[in-house]
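Trainee:
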Amino acid sequence: MAGTVARKAFDHLKSKDFRDYLMRFHFWGPVANWGLPIAAITDMKKSPEIISGRMTFALCCYSLLFMRFAYKVQPRNWLLFACHLTNEGAQLVQGGRLIKYNMEKKIES
12 MAGTVARKAF DHLKSKDFRD YLMRFHFWGP VANWGLPIAA ITDMKKSPEI
62 ISGRMTFALC CYSLLFMRFA YKVQPRNWLL FACHLTNEGA QLVQGGRLIK
112 YNMEKKIES
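Counting in the numbering used here, the sequence shown runs from 12 upward without gaps.
1) By DSSP, does R87 sit in helix, in strand, or in coil?
2) Answer with buried or exposed for F21, where buried requires no fewer than 16 other C-beta atoms within 10 angstroms of its C-beta.
3) Apart from the five residues just before and just after M55, which ones in its own chain have a Cβ nearer than 8 Å to its Cβ?
4) Is the segment 89–101 touching the segment 40–54, taking contact as three or more C-beta pairs under 8 Å?
5) So, helix, strand or coil for S74, using DSSP?
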């Protein structure tokens, strides 16, 4: 059973359809877009004082809009959807860190 599934997956990776998919913008656009969530996830280790609230809000709106686009476009672009879903989550975490930092700073002063 597992061998059959693995063989089908390997055959799909070797197929002309898959090679054609790799050469389209439908694949490379989302791959290039993964830089946004990767940067946001990397920034989670840094101090929250460097977080820009306006940019975080803008990226949240941007990712929400493009998640909708990735879902509505035909054929559905699940790679783009996953990228923006990840970015939305990362930006919401960054926004939460900023709010917490500002509240703690306000209490201290």
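C-beta atoms are modelled at their ideal positions from N, C-alpha and C, and glycine is treated no differently.
Mentor: According to the data block:
1) Counting from 1 along the sequence shown, the entry for residue 87 is found at position 76. When DSSP states are grouped into helix, strand and coil, R87 belongs to the coil group.
2) Your numbering for residue 21 matches position 10 in the sequence shown. With fewer than 16 neighbouring CB atoms inside 10 Å of its own CB, F21 falls in the exposed class.
3) Mapped onto the sequence shown, residue 55 falls at position 44. Only residues of its own chain outside the window of five on either side were considered, and among them A101, V104, Q105 and R108 have a CB closer than 8 Å to the CB of M55, listed in chain order.
4) Yes: the two stretches touch, three or more of their Cβ pairs being nearer than 8 Å.
5) Here residue 74 refers to the residue found at position 63 when the sequence shown is read from its first residue. In the structure shown, S74 sits in a helix (DSSP, three-state: H, G or I).
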